[in-house]
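Participant: Residue numbers (our numbering), protein chains in the order written: chain Y, 1 to 212; chain D, 1 to 212; chain U, 1 to 212. Glycine residues also receive a C-beta, built at the ideal position from the N, C-alpha and C atoms. Remember, it's a predicted structure, so these values are computed and weren't measured experimentally.
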């Protein structure tokens, strides 16, 4: 997914960080599925959807080769992380909070990589930023839809918001001819800071509740 | 989406009507999401799914370029309509009934455009009509799935039915060599009439309720 | 979907068995939708999603032509089976158990055909087996998501498990140069035996229930 960057070393580093993020998302899938009566394989499938769903939807919409079809590391990491989480969660209570940091890292990496992939295909800026959001959040949405829950990422703590702001920053920096590595790191950091601040101080967007 | 018609003037008119229909569908997404505890951006994403989800699924299935990837007006109109609805809905109660007319207009336009797009790719007639139905109704289905609700469009008032009947009429007229503009207008009007009559006089298909 | 096998006679037999399996899956869709207040056409659409959803997702992910786009028999069989089930279910109580056998046949055929389609595109073995699982189970997942229920296939009786084990056997046999017809029949039979045994003796994978 990250072979799009010009820096071989950075690409390698980001590839490994991405696999960590995939593992974190897969774990969140198991913990969510654990609230239901799913069996082990059901949980693994929810975990896979959580881990690779966002990038998959982006690739299908942009008509690119789906990123995990040629490199089975993504699937393998998601399955192993799901098995490990399943094993640990049966032994002791695992708080979903354990996964907030890898999840936020995943959000920031996925959003920037998704935006970049869209930019490379020369789509309009608003579409490119939306692809970043899709890549960042849709795994979590698929996870919750498969578990028959209202998507958590729609409910606050600036989840989608952080992804969108970071995607827009990345596009603006690239438009201003800023070096791709610098732009990627800046945008990722911004997403991470917004998301972690929102969790820490419970910041959110305005809501509206229908009076029905 | 409408560049498929031979009449430049008609194409322009339909393009603008389509954007109105996109706005109407987006508004329905915000009102539906307002029943949940979604934040502003969550609502915007539900609104986008409601507005462009049907045409997106059709394009992915037919392996065409997704219609909103190259022209960001669709995304922009959906986001603006969502923001406006959010602002108005916080001020005063907005009845979902306000959006029944733009929604019915959207259904009729989307269904005919979807059928036409499929016919151009030379698929069998039953498949072409099903593509029209998908284009017309799946936005509403995605909206309700994301809100963790049973899809409203499956529950009556001839929603999918109107789309399917109109799609079949369009295919039959085109098969009979009727002019494309005339066929499109006739089929759209038929869908509009069926849908609005069904709402007005509460007409529906037979149902069956399992006895469990 | 089955034109991938080298044996014309086997291909024809499997084509017809597949249509029976499509009909069985469509019926399960109507029975599931009957628990909700869906109208006739809503049920037909749920039935179509149950019958062809898995293969559709596989084809979209692998960027193949979606299998029912060129041959409308699949759609036609799904619709007819849905209408028949609707008619019968209004007359007398239909136990979902009636459809367990065609459903298990469908699972085994779809899983093997999906794995084979992926192998032909030269994807890694883990990805190929996962494509088999997707083809086998996602129709049932879409059915339950559209009905706003927790997916039944995640909840036990070795549904996804049977598909995955059979897919892996098929890949191993093909890797060992075993004849394609023999490999397909062995893998399908294994899936059928696992699934039917699991139903008969209520065997399942370990589960874990979160303590929250």
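(1) Who are the Cβ neighbours of residue 184 (chain U) in its own chain at under 6 Å, not counting the five residues just before and after it?
(2) When we look at the beta-carbon of residue 120 (chain D) and count the other beta-carbons within 10 Å, is it buried (16 or more) or exposed?
(3) DSSP three-state call for residue 179 (chain D): helix, strand or coil?
(4) Just the chain D side, please: which residues come within less than 9 Å of residue 160 (chain Y) by C-beta, in chain order?
(5) So residue 129 (chain U) packs on residue 171 (chain U), CB below 8 Å; how close in whole Å?
(6) What residue from Y:188, Y:156, Y:173 has the CA that sits closest to residue 201 (chain Y)'s CA?
(7) Please report the distance separating the alpha-carbon of residue 63 (chain U) from that of residue 79 (chain D).
(8) For residue 195 (chain D) versus residue 134 (chain D), is the C-beta spacing smaller than 7 Å?
(9) Does residue 13 (chain U) get closer than 7 Å to chain D when you measure Cβ to Cβ?
(10) Alpha carbon to alpha carbon, what distance is there between residue 151 (chain Y) and residue 144 (chain Y)?
(11) Report yes or no: do the segment 160–168 of chain U and the segment 47–61 of chain U share at least 3 C-beta pairs separated by less than 8 Å?
(12) Could you check the C-alpha separation between residue 148 (chain D) and residue 141 (chain U) for me, to the nearest Å?
(13) Starting from the beta carbon of residue 80 (chain U), find every residue of chain D whose beta carbon is closer than 7 Å, and list them in chain order.
(14) Hey, could you find the ends of the alpha helix (DSSP H) residue 42 (chain U) is sitting in?
(15) Looking at the C-beta of residue 99 (chain Y), does it have a partner C-beta in chain D at a distance below 7 Å?
(16) Here's the rule: buried if 16 or more other CB atoms are within 10 angstroms of the residue's CB, otherwise exposed. What is residue 36 (chain D)?
(17) Between the Cα of residue 65 (chain U) and the Cα atoms of D:123, D:198, D:197, which residue gives the shortest distance?
(18) Using 8 Å as the Cβ pair cut-off and three pairs as the minimum, do the segment 14–29 of chain Y and the segment 75–95 of chain Y touch?
(19) How far does the alpha helix (DSSP H) with residue 102 (chain Y) in it reach, from first residue to last?
(20) Between the beta-carbon of residue 114 (chain Y) and the beta-carbon of residue 138 (chain Y), is there less than 7 Å?
(21) Residue 53 (chain D): which of D:107, D:17, D:173, D:193 sits nearest, CA to CA?
(22) For a cutoff of 7 Å on Cβ pairs, would you count residue 69 (chain D) as touching chain Y?
(23) Kindly indicate if chain D contains any beta-carbon less than 7 Å away from that of residue 148 (chain U).
(24) Relative to chain Y, which residues along the segment 124–137 of chain U have a C-beta separation below 7 Å, given in chain order?
(25) If the cut is a Cβ gap below 7 Å, which residues of chain U does residue 72 (chain Y) touch?
(26) Going by Cα to Cα distance, which pick from U:31, U:44, U:55 is closest to residue 18 (chain U)?
(27) Residues of chain D with CB closer than 8 Å to the CB of residue 164 (chain Y), please, in chain order.
(28) Compute the Euclidean distance between the alpha carbons of residue 190 (chain Y) and residue 175 (chain U), then round it to the nearest angstrom.
Facilitator: Concretely, from the data shown:
(1) 112
(2) exposed
(3) coil
(4) 39, 41, 42, 44, 45
(5) 6 Å
(6) Closest by alpha carbon: Y:156.
(7) 30 Å
(8) no
(9) Nearest CB-CB separation between residue 13 (chain U) and chain D: not below the 7 Å threshold.
(10) Roughly 5 Å between the two C-alpha positions.
(11) No: the two stretches stay apart, fewer than three of their Cβ pairs being nearer than 8 Å.
(12) Taking the straight line joining both Cα atoms gives about 15 Å.
(13) Residues of chain D passing the Cβ test: none, with the nearest at roughly 11 Å.
(14) 40–62
(15) no
(16) So residue 36 (chain D) counts as buried.
(17) D:123
(18) They touch, by the three-pair rule.
(19) 100–120 is the extent of the alpha helix (DSSP H) around residue 102 (chain Y).
(20) no
(21) D:107
(22) Residue 69 (chain D) counts as touching chain Y.
(23) yes
(24) 124, 126, 127, 130
(25) 124, 126, 127
(26) Shortest Cα-Cα distance from residue 18 (chain U) to any of U:31, U:44, U:55 involves U:55.
(27) 41
(28) Put simply, the backbone Cα of residue 190 (chain Y) is about 48 Å away from that of residue 175 (chain U).
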